[in-house]
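Just below is one structure, and these are the notes that go with it.
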Amino acid sequence: MKKILAAVVFVLSVFALVSCGEDEDVKCEDVGEFCPDLIMCANMNKKTAWFEYEDKKYKCKGSGENIDCDKAFEEVVNACGLTHCEYESSSTCDYQVCTDENGSRWYEYNGKKYECEGTWDDIDCDRATDELNNDCYGE
-1 MKKILAAVVF VLSVFALVSC GEDEDVKCED VGEFCPDLIM CANMNKKTAW
49 FEYEDKKYKC KGSGENIDCD KAFEEVVNAC GLTHCEYESS STCDYQVCTD
99 ENGSRWYEYN GKKYECEGTW DDIDCDRATD ELNNDCYGE
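Numbering (my numbering) for the sequence shown: -1 to 137.
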């Protein structure tokens, strides 16, 4: 989540340059701390943004103040093989579902990690889900 927020802050700061009289159309910044060789770009005139990784573009949705880079960031993080987490919500719990480049999966809730067994297609999350539910719902 912090990575996505940092990316969005970058996009917004780049768009702010338009009002300061910057005359170049496209601005790019190396955001390799998230993924080696990852670049984020913004088109100043069109007020659009995208990520570039391994000669592929991952475009953000929308433009201007309505830009949404979450999906593009999720796709590029998956492409570069880093750990990826998504927030899930229920009526009583907010937790994360995480995966990594090795095919592992786990849940994170309230500072605790609930690891699934196995990897990729041979993964079993029954025990992890039960433990998460016990802590989350007080079962």
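Backbone N, C-alpha and C define an ideal beta-carbon position, used for all residues, glycine too.
Rounded to the nearest whole angstrom, the C-alpha separation of SER88 and VAL95 is 13 Å. PHE49 has MET38, TYR56 as its beta-bridge partners, per DSSP. Taking C-beta atoms as the reference points, MET38 and GLU52 fail to come closer than 7 Å. Contact check for GLY60 against ASP68 fails: the beta carbons are separated by 7 Å or more. The C-alpha of ASP35 lies about 14 Å from the C-alpha of TYR56. Residue range 124 to 135 is occupied by the alpha helix (DSSP H) that includes CYS134. DSSP, reduced to helix, strand and coil, places VAL74 within a helical segment of the structure shown.
Going by C-alpha positions, ALA47 is about 6 Å away from ASN41. Between the alpha carbons of ASN108 and THR90 lies a gap of roughly 12 Å. Exclusion of the five residues before and after THR117 leaves ASN100, GLY101, SER102 as the residues of its chain whose Cβ lies within less than 7 Å of its Cβ.
Judged by DSSP secondary structure, TRP104 falls within the beta strand (DSSP E) whose first and last residues are 103 to 107. The DSSP-derived three-state label of LYS69 is helix. Under the three-state reduction of DSSP output, ASP28 falls in the strand class.
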